[in-house]
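The block underneath contains the structure these notes are about, expressed in structure tokens.
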Amino acid sequence: MMNGFGLRTLAAIGIIVVAGAAVFLIGDVQASLVTLIGGIAAVLTAAGIGDGEDDASPVATADPTPPPDHIPAVIDAIVEPILIVTSGQVSHANAAARTLLGQHIIGQDVRLAIRHPGAAERLMSPPSEGAQPPVNLVGLGAREQRWEMRIGDAAGGRRIVHLVDQTGSYAAERMRVDFVANASHELRTPLASILGYIETLGDEAGDEKELRERFLKIMFDEARRMQRLIEDLISLSRIEAEKYRLPDRAVDLAALIEEVRGGILDAQGENAVPIRADLAAEVPPVSGDAAQLSQVLHNLIGNAMKYGRKGAPVTIRLERLPTGMVRFAVSDEGDGIPAEHIPRLTERFYRVDTGRSRAAGGTGLGLSIVKHIVERHRGRLDIESTIGTGTTVAVMIPAHGSAVIKR
Ligand code: ADP
1 MMNGFGLRTL AAIGIIVVAG AAVFLIGDVQ ASLVTLIGGI AAVLTAAGIG
51 DGEDDASPVA TADPTPPPDH IPAVIDAIVE PILIVTSGQV SHANAAARTL
101 LGQHIIGQDV RLAIRHPGAA ERLMSPPSEG AQPPVNLVGL GAREQRWEMR
151 IGDAAGGRRI VHLVDQTGSY AAERMRVDFV ANASHELRTP LASILGYIET
201 LGDEAGDEKE LRERFLKIMF DEARRMQRLI EDLISLSRIE AEKYRLPDRA
251 VDLAALIEEV RGGILDAQGE NAVPIRADLA AEVPPVSGDA AQLSQVLHNL
301 IGNAMKYGRK GAPVTIRLER LPTGMVRFAV SDEGDGIPAE HIPRLTERFY
351 RVDTGRSRAA GGTGLGLSIV KHIVERHRGR LDIESTIGTG TTVAVMIPAH
401 GSAVIKR
């Protein structure tokens, strides 16, 4: 009954399905790619494009042979672009490949279909033993899109060309590189300043008491700036490391808000910025990590104090939403934030006014830390601001069970 569609063919189709599922479900593209291409090559071989070993196949030795009827259907089911190249020409292209390269590519010279010198060179080179490194292609399809081309050799001189979209991982890599560059720059500036003052103090300025004290104060401030930055960088990496671990402790936000508020007021001393707390009477606890939620409050209250109107109060509200979420919001009466900046405020080191942020001791990482903590809590962050009136940053976190804390 297998009739030219032997056990090997079925096994090979199985490999494709498993590899395809791994690519699209688990996202482990690299590991599944080799299996995927190998599987397609095996289907072609097993289905009679042939090595002549599969005696059950009636088309075992025919060459050149069109791909068996089921091959296009199998390849079409794969969402990434796949081409089958026979004697340098595209003999089949799945729907994704035709969308990317054009509907006309069937029958075309593969070098014209994929207009890329690196790809052409590899496609025209004779088949080699062992796995070949992939070729990186830029500018195929949209200009900023990046692809990785992998080639598998099947029997009968056919080649299976698989294009993997690498645009997302390239963007992630770019962000990582930018982050390292920004962090190094942020650390280098205060360090250069400290080294400069040490040198000056070593010279004649060190003898003058007044000058020496002024320089030491600047050096202390710069060292503190570096310390804050390093603390925020460590925080960010810790939060990212555990971002998939859902916090599950019941946290009483009202008590936490009072604790953080008290701590900040005590630390400020006499000329404290007034911090008001408007806390609803019956609010359920949230599923959370108390230390991280305290960090969110510190960062939001800190920003409201830094960027709020001098002497005007900062207000913290806490309420239960009908959706089952608990919302807390920190409002100030500052100058507000122009709308075009709001979507970018949670990016690392993004500041509306770098000078003002630095002068107020900001690291440019506070809202990025807040965003990561809120994401870990499966919550939501909203920033609303009106120029000349002020800013409200609100956080919504899912409630923990149905219990209500009465105060
Ligand atoms: P920073 O350490 O610079 O305060 P954040 O990540 O906490 O860094 O905030 C990023 C930027 O967002 C700040 O530099 C500031 O320009 C702006 N910002 C944050 N909170 C407020 C606020 N309450 N009012 C006005 N601007 C704000």
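Under full-length UniProt numbering, the residues of the sequence shown are numbered 1 to 407, in order. Even for Gly, the Cβ is constructed at its ideal location relative to N, Cα and C.
Ranked by how close their Cα comes to the Cα of Leu-297, the residues Met-396, Asn-136, Tyr-350 have Met-396 in first place. Pro-398: member of the beta strand (DSSP E) spanning 390 to 398, first to last residue. Taken through DSSP and simplified to helix, strand or coil, Arg-380 comes out as strand. When beta bridges are read from the DSSP output, Gly-107 appears opposite no residue.
About 30 Å separates the Cβ atoms of Ala-267 and Arg-320, ruling out a contact at the 8 Å cut-off. Looking at the DSSP output, Arg-317 sits in a beta bridge with Asp-278, Ala-329. Under the criterion of beta carbons closer than 8 Å, Glu-258 and Ala-277 qualify as touching, at roughly 7 Å. By the Cβ test, the segment 214 to 225 is not in contact with the segment 162 to 180, since fewer than three Cβ pairs between them sit closer than 8 Å. CA-CA distance, Gln-89 to Gly-107, rounds to 6 Å. Around the Cβ of Glu-213, a 10 Å sphere holds fewer than 16 other Cβ atoms; the residue is exposed. With a cut-off of 8 Å on Cβ pairs, the segment 360 to 372 is in contact with the segment 292 to 306, counting three or more such pairs.
Counting only unbroken stretches of 4 or more residues, the alpha helix (DSSP H) elements lying wholly within the segment 103 to 189 are 110 to 113, 117 to 124, in sequence order.
Nearest to Glu-231 by alpha-carbon distance, out of Ala-399, Asp-382, Gly-366, is Gly-366. When only Cα atoms are considered, Val-161 and Gly-139 end up about 17 Å apart.
Shown here, Gly-288 sits in a strand according to DSSP, grouped into three states.
Of all C-beta pairs linking the segment 329 to 346 to the segment 247 to 261, fewer than three are shorter than 8 Å, placing the two stretches out of contact.
Contact between Val-74 and Arg-159 is absent: CB atoms are separated by about 17 Å, not below the 8 Å threshold. At a Cβ-Cβ threshold of 8 Å, Leu-187 and Leu-229 count as neighbours.
In the assembly as shown, Gln-292 is a buried residue. Its beta-carbon has 16 or more other beta-carbons within 10 Å. Remark: three or more beta-carbon pairs, one from each stretch, lie closer than 8 Å, so the segment 237 to 245 and the segment 368 to 381 are flagged as touching. Here the distance from the Cβ of Thr-86 to the nearest heavy atom of ligand 1 is not below 7 Å. Rounded to the nearest angstrom, the gap between the Cα atoms of Glu-80 and Ser-169 is 16 Å. Taking all protein chains in view, the Cβ of Met-124 is surrounded by fewer than 16 other Cβ atoms within 10 Å, so the residue is classified as exposed.
Contact check for Ile-369 against Asn-299 passes: the beta carbons are separated by less than 8 Å. Val-286 is the residue among Leu-265, Thr-315, Val-286, Gln-295 whose C-alpha sits nearest the C-alpha of Leu-246. Only exposed fits Val-180, as fewer than 16 other CB atoms lie within 10 angstroms of its CB. Per DSSP, reduced to three states, the secondary structure at Val-370 is helical.
Judged by DSSP secondary structure, Ala-93 falls within the beta strand (DSSP E) whose first and last residues are 89 to 93. Residue pairing for Val-251: DSSP places it in a beta bridge opposite Val-286. Taking the Cβ of Arg-351 as the reference point, at least one heavy atom of ligand 1 falls within a distance shorter than 7 Å.
The C-alpha of Met-149 is placed about 11 Å away from the C-alpha of His-116.
Assigned with DSSP and collapsed to three states, Ile-337 falls in coil, not helix or strand. Excluding the 5 residues flanking it on each side, Ile-342 has same chain C-beta neighbours closer than 6 Å at Ile-383, in chain order. Rounded to the nearest whole angstrom, the C-alpha separation of Ala-96 and Ala-312 is 58 Å. Around the beta-carbon of Thr-323, fewer than 16 other beta-carbon atoms lie within 10 Å, marking it exposed.
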